[in-house]
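Here the protein sequences come in this chain order: A and B. Its first residue numbered 1, the first sequence is counted upward by one per residue in the working numbering. Its first residue numbered 1, the second sequence is counted upward by one per residue in the working numbering.
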Amino acid sequence: KAGVTQTPRYLIKTRGQQVTLSCSPISGHRSVSWYQQTPGQGLQFLFEYFSETQRNKGNFPGRFSGRQFSNSRSEMNVSTLELGDSALYLCASSLGAGNNGQPQHFGDGTRLSIL
Amino acid sequence: GENVEQHPSTLSVQEGDSAVIKCTYSDSASNYFPWYKQELGKRPQLIIDIRSNVGEKKDQRIAVTLNKTAKHFSLHITETQPEDSAVYFCAASRPLNSGYALNFGKGTSLLVTP
């Protein structure tokens, strides 16, 4: 079974631009979660999607948004980029049904650098 | 919300020794506790997990213990090897809305020296 795939692996943007990141979950997984990883803050939860609906959202500004398609693939968008948005963005997929925690499997991430 | 504290932030052991990493959580509704290993430049990988109805789980050289009353859980690695060197993250999952929220500790950088 193919793992979680994230594209692109690396991105360089400038302040004020916007960016879209993509995540394809493991086949059969319906939940996709997004995390921001930085050396200072560790892994911080951005949002989670299940069956094309955002179920939960972390404490990030509205510049961070996402969506999920009918095939469970997910995209994350960041608008009006700031220097502080430089980070590794990870997505993780799980089977997803119900509200008991389940194993999440991570992709390799997208390394976003803001100049 | 949930708050997960992880200690120590760095840990250095000699090959063959044991390593213990401890985490505490704040929300008593948390019911699932995974541990991830992240090697430099790689994705976090799930190495072991435990549910709230279990007190201990073991998989070869790694084990996890959970004390629900005290709200803490620990990762134990025995007979450490240099390839165990990595950053280890604990996490706690609690029901939220119709799904669940997974909160991570800040990580422990483990160095195993030959």
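From the three backbone atoms N, C-alpha and C, an ideal C-beta is built for every residue, glycine too.
Residue range of the unbroken beta strand (DSSP E) whose run includes residue i
{"i": "Ile114 (chain A)", "result": "110-114"}
{"i": "His76 (chain B)", "result": "72-77"}
{"i": "Phe33 (chain B)", "result": "32-38"}
{"i": "Ala115 (chain B)", "result": "The shown model of chain B, from 1 to 114, leaves out residue 115 (chain B), and the question about it has no answer."}
{"i": "Gln44 (chain A)", "result": "42-50"}
{"i": "Val19 (chain A)", "result": "19-24"}
{"i": "Asp59 (chain B)", "result": "56-59"}
{"i": "Lys1 (chain A)", "result": "Careful: Lys1 (chain A) lies outside any beta strand (DSSP E) and carries neither H nor E."}
7 Å Cβ cutoff, residue i in contact with chain B
{"i": "Gly40 (chain A)", "result": "no"}
{"i": "Gly101 (chain A)", "result": "yes"}
{"i": "Glu52 (chain A)", "result": "no"}
{"i": "Phe69 (chain A)", "result": "no"}
{"i": "Glu75 (chain A)", "result": "no"}
Between the CA atoms of residue j and residue i - distance to the nearest angstrom
{"i": "Ser22 (chain A)", "j": "Ala92 (chain A)", "result": "12 Å"}
{"i": "Gln17 (chain A)", "j": "Leu11 (chain A)", "result": "12 Å"}
{"i": "Pro82 (chain B)", "j": "Thr80 (chain A)", "result": "43 Å"}
{"i": "Gln60 (chain B)", "j": "Ser70 (chain A)", "result": "39 Å"}
{"i": "Ala70 (chain B)", "j": "Ser30 (chain B)", "result": "13 Å"}
{"i": "Thr20 (chain A)", "j": "Ala101 (chain B)", "result": "23 Å"}
{"i": "Pro61 (chain A)", "j": "Thr78 (chain B)", "result": "42 Å"}
{"i": "Thr113 (chain B)", "j": "Gln14 (chain B)", "result": "5 Å"}
Per-residue contacts from residue i into chain A (C-beta, under 7 Å)
{"i": "Phe104 (chain B)", "result": "Gly42, Leu43"}
{"i": "Ala101 (chain B)", "result": "Phe45, Asn56"}
{"i": "Asn31 (chain B)", "result": "Asn100, Gly101"}
Under the three-state DSSP convention, the category residue i falls into
{"i": "Pro95 (chain B)", "result": "strand"}
{"i": "Pro8 (chain B)", "result": "coil"}
{"i": "Glu83 (chain B)", "result": "helix"}
{"i": "Asp17 (chain B)", "result": "coil"}
{"i": "Gly194 (chain A)", "result": "Since the displayed chain A opens at 1 and closes at 115, residue 194 (chain A) lies outside it and no answer follows."}
{"i": "Asp85 (chain A)", "result": "helix"}
{"i": "Arg73 (chain A)", "result": "coil"}
{"i": "Lys22 (chain B)", "result": "strand"}
{"i": "Ala151 (chain B)", "result": "Within the shown structure, residues of chain B are numbered from 1 to 114, placing residue 151 (chain B) beyond reach of any answer."}
{"i": "Gln36 (chain A)", "result": "strand"}
{"i": "Gln102 (chain A)", "result": "coil"}
Min CB distance residue i to chain A below 7 Å
{"i": "Leu46 (chain B)", "result": "yes"}
{"i": "Gly55 (chain B)", "result": "no"}
{"i": "Tyr25 (chain B)", "result": "no"}
{"i": "Ser117 (chain B)", "result": "It is not possible to answer for residue 117 (chain B), since the shown part of chain B is limited to 1 through 114."}
{"i": "Gly107 (chain B)", "result": "yes"}
Interface residues of chain B facing residue i [CB-CB closer than 8 Å]
{"i": "Gly109 (chain A)", "result": "Arg43"}
{"i": "Gln104 (chain A)", "result": "Pro34, Leu46, Leu102"}
Cross-chain neighbours of residue i in chain A, by beta carbon under 9 Å
{"i": "Asn97 (chain B)", "result": "Arg55, Asn56, Asn99"}
TODO: Name, going along the chain, the residues of the segment 76-95 of chain B whose beta-carbon falls closer than 9 Å to a beta-carbon of chain D.
DONE: Within the model displayed, chain D is absent; protein chains A and B are what it includes.
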